[in-house]
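Peer 1:
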Amino acid sequence: MSKTAQPSRLVVTGDSRLRLPRHIKLRHDKGRGKWLILAPERVFEPDEIAVEVLKQCDGERTVQDIATILAAEYQAPVDVILNDITAMLQELADKGVLRS
Amino acid sequence: MNELAPDTVIEATPVNESTNCARAPIGLLAELTHRCPLQCPYCSNPLELERVNQEISTADWQNVMRQAAELGILQIHLSGGEPTARTDLEDIVETAAEVGLYTNLITAGVLLTKERLQKLRDLGLDHVQLSIQDVDPENAHRISAYKGGAEKKHEVAKWVRELEMPLTINAPLHRQNIDSLPRIIDYAVEVGAGRLEVAHIQYYAWALRNRAALMPTREAFMKTVEIVDEARERLKGILVIDFVVPDYYAKYPKPCMGGWGRGIMNVTPSGRVLPCHAAESIPGLEFDNVRDKPLAEIWLHGQAFQKFRGTDWMKEPCRSCPRREIDFGGCRCQAFALTGDAANTDPACSLSPVHQEWAAIADKEAHGKSPELIYRRMGKAPSAPAKN
Numbered sequence: 000m001s002k003t004a005q006p007s008r009l010v011v012t013g014d015s016r017l018r019l020p021r022h023i024k025l026r027h028d029k030g031r032g033k034w035l036i037l038a039p040e041r042v043f044e045p046d047e048i049a050v051e052v053l054k055q056c057d058g059e060r061t062v063q064d065i066a067t068i069l070a071a072e073y074q075a076p077v078d079v080i081l082n083d084i085t086a087m088l089q090e091l092a093d094k095g096v097l098r099s
Numbered sequence: 000m001n002e003l004a005p006d007t008v009i010e011a012t013p014v015n016e017s018t019n020c021a022r023a024p025i026g027l028l029a030e031l032t033h034r035c036p037l038q039c040p041y042c043s044n045p046l047e048l049e050r051v052n053q054e055i056s057t058a059d060w061q062n063v064m065r066q067a068a069e070l071g072i073l074q075i076h077l078s079g080g081e082p083t084a085r086t087d088l089e090d091i092v093e094t095a096a097e098v099g100l101y102t103n104l105i106t107a108g109v110l111l112t113k114e115r116l117q118k119l120r121d122l123g124l125d126h127v128q129l130s131i132q133d134v135d136p137e138n139a140h141r142i143s144a145y146k147g148g149a150e151k152k153h154e155v156a157k158w159v160r161e162l163e164m165p166l167t168i169n170a171p172l173h174r175q176n177i178d179s180l181p182r183i184i185d186y187a188v189e190v191g192a193g194r195l196e197v198a199h200i201q202y203y204a205w206a207l208r209n210r211a212a213l214m215p216t217r218e219a220f221m222k223t224v225e226i227v228d229e230a231r232e233r234l235k236g237i238l239v240i241d242f243v244v245p246d247y248y249a250k251y252p253k254p255c256m257g258g259w260g261r262g263i264m265n266v267t268p269s270g271r272v273l274p275c276h277a278a279e280s281i282p283g284l285e286f287d288n289v290r291d292k293p294l295a296e297i298w299l300h301g302q303a304f305q306k307f308r309g310t311d312w313m314k315e316p317c318r319s320c321p322r323r324e325i326d327f328g329g330c331r332c333q334a335f336a337l338t339g340d341a342a343n344t345d346p347a348c349s350l351s352p353v354h355q356e357w358a359a360i361a362d363k364e365a366h367g368k369s370p371e372l373i374y375r376r377m378g379k380a381p382s383a384p385a386k387n
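First to last, the sequence lines map onto chains A and B.
Per numbering that gives the first Met the number 0, the first sequence runs over residues 0 to 99.
Per numbering that gives the first Met the number 0, the second sequence runs over residues 0 to 387.
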């Protein structure tokens, strides 16, 4: 019935350029003093690292780029950071929070 | 990553903190009207539907939106009845978006045009939840008493995606359509939905009237669990499936509304503010109106909100139960409907003294001959109860 191709899972790698779709809103909630992600019939509470990562997801930078930036900022090995954030971003992608 | 708090009945993830005092609500269910072209026999609206001349004005709803944002509410669920039956939906959406609320349209879709949907999107509508009665048009017609609904909904789903809006398909599940579940899942993927709610219906109000016609057997229910588990794995990253189980086959009750007066409030078409959409079925509760009092005052101090907030109201076995702040004793409305006391444990709980008897009735009804459907209609609620 549909002309569009079958949708497929977004698999996050170091080369992925991710962004938040328009309907996903990362915002700081003043009343609660927290960062929140507003999504369809969902509210997520990202931790500090997730907020840092998501702010960098502009559709231009790759996950590898973001890992490099964070590695410098937190003085941690880049491969460890890359591993961690890839897993976290995959989890968010599976929840529909990110797209490439 | 944690989900912040209970957002809908389905998304009830309790957060472990003191529960006796109010905190800011997360979501507001705005029942803009009880008018609806469909007549689904499991409608979540009360048996006594509010009429068009009781409905509050555009300005009243806009005021609710502004107050909701100030109160800390994050998401507005524009519901009904059929919310698109209100010609001022655009004005309400516009105000909600202006004050930063995440707007969700819960619709049957049949009254929409593509132009109107586009306008709503341009005014800031964030998400569309479209209900379907079945993928089989004939059966959908029979369930909703609305001809051509399935075809129209399919078209609406297509428009939502063409307009690049996120889409949830909501499929209430019951004895009359339970065998269609695999096709419902395929349908959700095919129309490009990001989420599917497979929601076994909850047996209050209209659905309770129709229980014998709608209750699936335990075997049929268990089959749906398997189907959903398999589909979730297969469709990971493509379709998020939320699954609501029927209370009758649960071991523990659901944390109804994520706990009474804890994360969600409901405003009826006439402006009455309820802790849940069925709360008017409980006698002795006093409901304030948005036209009389500020929303914050109602949330914090309203008699109906305070009555079952937290755990102080509980009796045994809830009072000493280690799960008391997980499920909050289940559903107050169901406890009242089935035991005559809203402070009793929800019969959905295996610790309720009437649980066995209650589950046996469901089982008997599910295996018996299905009676005729009693359709949701305006006017005096039908008095004939479903046969046991």
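For glycine and all other residues, C-beta sits at the position ideal for the given N, C-alpha and C.
Quick caveat, the model's predicted, so the values are computed rather than measured.
1. Measure the Cβ-Cβ separation of glycine 26(B) and glutamine 74(B) and say whether it is below 7 Å.
2. Rank Leu37(B), His33(B), Ala58(B) and Thr57(B) by C-alpha distance to the C-alpha of leucine 46(B) and give the top, closest one.
3. From Arg22(B), Ala23(B) and Glu30(B), pick the residue whose C-alpha is nearest to that of tryptophan 272(B); which is it?
4. For proline 370(B) and chain A, any beta-carbon pair shorter than 7 Å?
5. Does the separation of the CB atoms of alanine 68(B) and glycine 99(B) fall below 7 Å?
6. Pull up the distance between the alpha-carbon of leucine 172(B) and that of aspartate 78(A), whole angstroms please.
7. Going straight from the alpha carbon of proline 321(B) to that of glycine 329(B), what length do you get?
8. Excluding the five sequence neighbours on either side, which residues of its own chain have a C-beta within less than 6 Å of the C-beta of phenylalanine 242(B), listed in chain order?
9. Are serine 37(A) and tyrosine 248(B) close, meaning C-beta to C-beta below 7 Å?
10. If we cut at 7 Å on Cβ distances, does histidine 126(B) have a partner in chain A?
11. Name the DSSP bridge partner or partners of isoleucine 297(B)?
12. Check distances from the C-beta atoms of the segment 1–25 of chain A to those of chain B and list, in chain order, the residues that come in under 8 Å.
13. Nearest by alpha-carbon distance to valine 190(B): which of Leu162(B), Cys255(B), Pro215(B) and Thr310(B) is it?
14. Apart from the five residues just before and just after arginine 376(B), which ones in its own chain have a Cβ nearer than 7 Å to its Cβ?
15. Return yes when the Cβ of valine 266(B) is within less than 7 Å of the Cβ of valine 63(B), no when it is not.
16. Which residue from Leu166(B), Gly236(B) and Arg208(B) puts its Cα closest to that of serine 43(B)?
17. For the pair the segment 290–302 of chain B and the segment 83–91 of chain B, tell me if three or more CB-CB distances fall below 8 Å.
18. By a C-beta neighbour count over all protein chains shown, 10 Å radius and 16 as the cutoff for buried, is glutamate 47(A) buried or exposed?
19. When DSSP builds the beta bridges, which residues end up paired with lysine 33(A)?
20. Helix, strand or coil for histidine 199(B), going by three-state DSSP, please let me know.
21. Counting only Cβ pairs nearer than 7 Å, list the residues of chain B close to glycine 30(A).
22. Determine the closest residue to leucine 17(A) out of Gly58(A), Asn82(A), Ala66(A) and His27(A), with distance taken between C-alpha atoms.
23. My parser needs the alpha helix (DSSP H) runs of 4 or more residues fully inside the segment 139–175 of chain B; what are they?
24. Under 8 Å: do the segment 177–186 of chain B and the segment 131–141 of chain B share three or more Cβ pairs, one atom per stretch?
25. Any idea which residues DSSP pairs histidine 126(B) with across the strands?
26. What do you reckon, are the CB atoms on glycine 148(B) and valine 92(B) nearer than 7 Å?
27. Pull up the DSSP beta-bridge partners for glycine 26(B), would you.
28. What does valine 79(A) reach in chain B if we use C-beta pairs closer than 9 Å?
29. When you compare the CB positions of glycine 262(B) and valine 289(B), do they come within less than 7 Å of one another, or not?
30. By how many angstroms is the C-alpha of arginine 231(B) removed from the C-alpha of proline 370(B)?
31. At the level of alpha carbons, what is the spacing between asparagine 103(B) and lysine 314(B)?
32. I want to verify the contact list: residues of chain A whose CB lies under 8 Å from the CB of isoleucine 237(B), in sequence order.
33. With DSSP collapsed to three states, give me the class of proline 352(B).
34. Does the beta-carbon distance from histidine 199(B) to proline 245(B) come in below 7 Å?
35. Chain B beta carbons: is any one of them nearer than 7 Å to that of isoleucine 84(A)?
36. Just the chain B side, please: which residues come within less than 8 Å of glycine 95(A) by C-beta, in chain order?
Peer 2: The answer reads as follows:
1. yes
2. His33(B)
3. Correcting the residue identity first, residue 272(B) is valine in this sequence and not tryptophan. The shortest C-alpha separation from valine 272(B) is found at Glu30(B).
4. no
5. yes
6. If you take the alpha carbons of leucine 172(B) and aspartate 78(A), they lie about 47 Å apart.
7. 14 Å
8. Val197 and Val227
9. The sequence given here places leucine at residue 37(A); serine does not occur at that position. Cβ atoms of leucine 37(A) and tyrosine 248(B): not closer than 7 Å.
10. yes
11. Per DSSP, none; premise fails for isoleucine 297(B).
12. Ser1, Thr3, Gln5, Pro6, Ser7, Arg8, Leu9, Val10, Pro20, Arg21, His22 and Lys24
13. Leu162(B)
14. Excluding residues within five positions, the ones whose Cβ falls inside 7 Å are Gln38.
15. yes
16. Arg208(B)
17. no
18. Classification for glutamate 47(A): exposed.
19. Looking at the DSSP assignment, lysine 33(A) forms a beta bridge with Asp28(A).
20. strand
21. Within chain B, the residues near glycine 30(A) are Ala23 and Gly71.
22. Gly58(A)
23. 148–161
24. yes
25. Asn103(B), per the DSSP bridge assignment.
26. no
27. Gln74(B) and Ile263(B), per the DSSP bridge assignment.
28. Scanning chain B for C-beta atoms nearer than 9 Å to the C-beta of valine 79(A) yields nothing, as the closest lies near 19 Å away.
29. no
30. 34 Å
31. 37 Å
32. Going along chain A in sequence order, the residues near isoleucine 237(B) (Cβ under 8 Å) are Pro6, Ser7 and Arg8.
33. coil
34. yes
35. no
36. Pro165, Gly193, Arg194 and Val239
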